[in-house]
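Enquirer:
In my numbering, the protein residues as written are -1 to 555.
1) Once you ignore the five residues that flank residue 341 on each side, which residues in its own chain have a CB closer than 7 angstroms to its CB?
2) So, at 7 angstroms on beta carbons, what are the nonlocal neighbours of residue 293 in its own chain, with the 5 sequence-adjacent residues on each side left out?
3) Taking the alpha-carbon positions, what's the residue 291 to residue 280 distance?
4) Buried or exposed: residue 315, going by 16 or more other Cβ atoms within 10 Å of its Cβ?
5) DSSP beta-bridge partners for residue 391?
6) DSSP state of residue 313, grouped into three classes?
7) Since residue 188 contacts residue 180 with CB under 8 angstroms, what's their CB separation in whole angstroms?
8) Alpha carbon to alpha carbon, what distance is there between residue 343 and residue 202?
9) Could you check which residue in 359, 515 and 209 has the C-alpha nearest to that of residue 382?
10) Using only CA atoms, which one of 323, 398 and 486 lies nearest to residue 532?
11) Taking a contact to mean a Cβ-Cβ separation below 7 angstroms, would you say residue 185 touches residue 354 in this structure?
12) Apply the 10 Å Cβ neighbour rule to residue 478 and answer buried if 16 or more other Cβ atoms are within range, or exposed otherwise.
13) Please classify residue 236: is it buried, with 16 or more other beta-carbons within 10 angstroms of its beta-carbon, or exposed?
14) Taking the alpha carbon of residue 467 as the reference point, which residue from 457, 453 and 473 has its own alpha carbon closest?
15) By DSSP, does residue 403 sit in helix, in strand, or in coil?
16) Let me check one thing: in DSSP terms, what residues is residue 159 bridge-paired to?
17) Is it right to say residue 489 is buried, meaning 16 or more other beta carbons lie within 10 angstroms of its own, or is it exposed?
18) To the nearest angstrom, report how far apart residue 385 and residue 432 are at their CA atoms.
19) Using the three-state DSSP reduction, which class does residue 497 fall into: helix, strand or coil?
20) Please determine, among 191, 528, 47 and 216, the residue with the shortest C-alpha to C-alpha distance to residue 206.
21) Compute the Euclidean distance between the alpha carbons of residue 418 and residue 308, then round it to the nearest angstrom.
22) Can you name, in chain order, every residue of its own chain whose Cβ lies under 6 angstroms from the Cβ of residue 541, other than the five neighbours on each side?
23) Would you grab the beta carbon distance between residue 500 and residue 422 for me? Rounded to a whole angstrom, and I think it's under 8 angstroms.
24) Run through DSSP, which three-state label would residue 83 get?
25) Can you give me the Cβ contacts of residue 405 inside the same chain, cut-off strictly under 7 angstroms, excluding the 5 residues immediately before and after it?
26) Using the three-state DSSP reduction, which class does residue 101 fall into: helix, strand or coil?
27) Once you ignore the five residues that flank residue 282 on each side, which residues in its own chain have a CB closer than 7 angstroms to its CB?
28) In the structure shown, what three-state DSSP assignment does residue 349 receive?
29) Identify whether residue 54 lies in helix, strand or coil by the three-state DSSP scheme.
30) Taking C-alpha atoms, which residue in 61, 160 and 347 lies nearest to residue 22?
31) Can you pull the DSSP bridge partners for residue 513?
32) Can you tell me whether residue 64 is helix, strand or coil according to DSSP?
33) Given that a residue counts as buried once 16 or more other Cβ atoms are within 10 Å of its Cβ, and exposed if not, what is residue 194?
34) Spell out a yes or no on whether the region 148 to 167 and the region 316 to 324 are touching, meaning 3 or more CB-CB pairs, one atom from each, closer than 8 angstroms.
35) With 16 as the cutoff for other CB atoms within 10 Å, does residue 296 come out buried or exposed?
36) Counting C-beta neighbours from all protein chains within 10 Å, is the total for residue 492 16 or more, i.e. buried, or is it exposed?
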């Protein structure tokens, strides 16, 4: 298996290839936009960026749009294409183009290499009519800059930077709701929904009442025509919001629990890395980008209370939002010296809403798993790793048990019958880079080692595709997905059949090797020098692990 750093992973190719192919041609280009001359630019004179656009030339619509720093590589073009295919702008249906057209030879050659496994032709044309028209409109005079209430602007931006630094979307999904009781400035309780767990959009939605949130989610889950119904549902929400728009091609990592020390220097860095968009949605008012003074003051108090809440509690723990957790804080009144003057400190209560979160999670993800079903983890094996099912005589594996630098694990549960000295072992080999191999080994060690290997059947009800999922079970009980094997792919079937025969002949005793060298001369053929770990494991049937056939589901954007 050969995987270039400029090619999509097999997982991504399989996922995208399952989507329908349109008859239309998509145009793509990357153009520099001068600061201040377009709606996406930073207000500072020195800030400049490139706008990447994917447009459907038949329908005349933009499917993908992103703004990146000028020094960002062409990989960003492919990332924007994937968004255009799976989550198109304007709520269109996920689909692939028949072919794509670009006017830049360098982009053409790059895309030809990156998209070769998707069977999407990349052609050159001197002009791109749809994209030219869109960029002409973007260069129209920008709307006047919308300012926050002057008395609260600096403090509000400072508090927003604290939340950007805390990055709650690393741990909380939009279904996991927090309540913030304010009882000030005609606001009783705000209900927080955090956007950003999927890594697409980062934001905080503060619903003024719980019914508005429930109604929006109900329409989201039950709408048949997302493009039309969702626009109306969006405008009917009743909430304040903050959107975080990164100005760099880097996503912030949350600080370690207990180490969330925010300094003026950190805040300044955070402010430079992101642009903040504040506003309000109301069923009668629609979208409003200006904040009233009372709303700005409310958000300052709420953001400070949330910052303290995230600092006090470890939100990274499993099922945090499903536990009853409440904290009370006294937050300085930012309006104490304005016409909104009131008490010096404002009492605020922040709490989880386990019952509400549980209902929302079940609506989105389905019923909770039985307690005896192990968690399925699909991101442990490094992206781009080579996954190989092979067979090795016992004598070639013996040195792996004796070399001190190689981590060796004998059977965690000794099998009833041990293989003979002349036996042939089926071995799963995961070959990646040295740093990623060490990370994978460390994760497995933390879970007590590998207990067994299992191949579990599954299907995709939308495409009708049937597949086998390769799983590693650790002693901690977790199941780590290492590959998917499609039943209608001859090479996948051949590898699975050879594995099954070898496992049966070896009393279901197998091996797992973690190796380095995925980008070197030994790529696809690791030697003893590249091996960093060898595990003796048993193959288990899905029934022995209590697994039912898997059914692929699709998360809503």
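Cβ atoms here follow ideal geometry from the backbone N, Cα and C, with glycine treated the same way.
Expert: Judging by the given coordinates:
1) Translated into positions along the chain shown, residue 341 becomes position 343. So the list reads 331, once near-sequence residues are dropped.
2) Taking the first residue of the chain shown as 1, we reach residue 293 at position 295. Hits under 7 angstroms: 238 and 278.
3) Walking along the chain shown from the start, residue 291 turns up at place 293. Walking along the chain shown from the start, residue 280 turns up at place 282. Approximately 17 angstroms between the Cα atoms of the pair.
4) Locating residue 315 in the chain shown gives position 317, counting from the first residue. Under this definition residue 315 is an exposed residue.
5) By 1-based counting over the chain shown, the position of residue 391 is 393. Its beta-bridge partners are 422.
6) Numbered from its first residue, the chain shown carries residue 313 at position 315. It is coil, neither helix nor strand.
7) The residue given as residue 188 occupies position 190 in the chain shown. The residue given as residue 180 occupies position 182 in the chain shown. Yes, they are in contact, since the Cβ atoms of residue 188 and residue 180 sit about 6 angstroms apart, within 8 angstroms.
8) For the purposes of this step, residue 202 is taken as the residue at position 204 of the chain shown. For the purposes of this step, residue 343 is taken as the residue at position 345 of the chain shown. Distance between the alpha carbons of residue 202 and residue 343 is about 24 angstroms.
9) Position 384 of the chain shown holds residue 382. The shortest C-alpha separation from residue 382 is found at 515.
10) By 1-based counting over the chain shown, the position of residue 532 is 534. When only C-alpha atoms are compared, the closest one is 398.
11) Numbered from 1 along the chain shown, position 187 holds the residue referred to as residue 185. Numbered from 1 along the chain shown, position 356 holds the residue referred to as residue 354. Result no, Cβ atoms of residue 185 and residue 354 do not sit closer than 7 angstroms.
12) The count along the chain shown starts at 1 and reaches residue 478 at position 480. With 16 or more Cβ atoms within 10 Å of its Cβ, residue 478 is classed as buried.
13) Along the chain shown, read from residue 1 onward, the residue named residue 236 stands at position 238. Burial call: buried.
14) Stepping through the chain shown from its first residue, residue 467 is reached at position 469. Nearest C-alpha to residue 467: 453.
15) For this step, residue 403 is matched to residue 405 along the chain shown. Reduced to three states, the DSSP call for residue 403 is coil.
16) Here residue 159 refers to the residue found at position 161 of the chain shown. Beta-bridge pairing links residue 159 to no other residue.
17) The residue given as residue 489 occupies position 491 in the chain shown. Exposed is the call here.
18) As a first step, residue 385 is located in the chain shown; it is residue number 387 there, counting from the start. As a first step, residue 432 is located in the chain shown; it is residue number 434 there, counting from the start. Approximately 15 angstroms between the Cα atoms of the pair.
19) What you label residue 497 is simply residue 499 of the chain shown in a count that begins at 1. Residue state, collapsed to three classes: helix.
20) Along the chain shown, one-based indexing puts residue 206 at 208. Answer by Cα proximity: 191.
21) Position 420 of the chain shown, counting from 1, holds the residue named residue 418. Position 310 of the chain shown, counting from 1, holds the residue named residue 308. Roughly 56 angstroms separates the two Cα atoms.
22) Locating residue 541 in the chain shown gives position 543, counting from the first residue. Closer than 6 angstroms at the Cβ level, and outside the excluded window around residue 541, lies no residue.
23) Here the question's residue 500 lines up with position 502 in the chain shown. Here the question's residue 422 lines up with position 424 in the chain shown. Sure, about 6 angstroms apart at Cβ, within 8 angstroms.
24) What you label residue 83 is simply residue 85 of the chain shown in a count that begins at 1. The answer is helix: DSSP assigns residue 83 an H, G or I state.
25) Residue numbering aside, residue 405 sits at position 407 when the chain shown is read from its first letter. Once the five neighbours on either side are set aside, the close Cβ partners of residue 405 are 439, 530 and 531.
26) One-based indexing of the chain shown puts residue 101 at position 103. It is coil, neither helix nor strand.
27) The residue you call residue 282 lines up with position 284 of the chain shown. For residue 282, where only same-chain residues beyond five positions count, there are no Cβ hits under 7 angstroms.
28) The residue given as residue 349 occupies position 351 in the chain shown. It is a strand residue.
29) Here residue 54 refers to the residue found at position 56 of the chain shown. Here residue 54 sits in strand by DSSP.
30) On the chain shown, position 24 is the one that residue 22 refers to. Here the closest residue by C-alpha is 61.
31) To locate residue 513, count along the chain shown from 1; it is residue 515. According to DSSP, which records beta bridges pairwise, residue 513 is partnered with 429 and 529.
32) One-based indexing of the chain shown puts residue 64 at position 66. Residue state, collapsed to three classes: strand.
33) Mapped onto the chain shown, residue 194 falls at position 196. So residue 194 counts as buried.
34) no
35) As a working note, residue 296 is residue 298 in the chain shown. By the neighbour-count rule (16 or more Cβ atoms within 10 Å), residue 296 is buried.
36) Here residue 492 refers to the residue found at position 494 when the chain shown is read from its first residue. By the neighbour-count rule (16 or more Cβ atoms within 10 Å), residue 492 is not buried but exposed.
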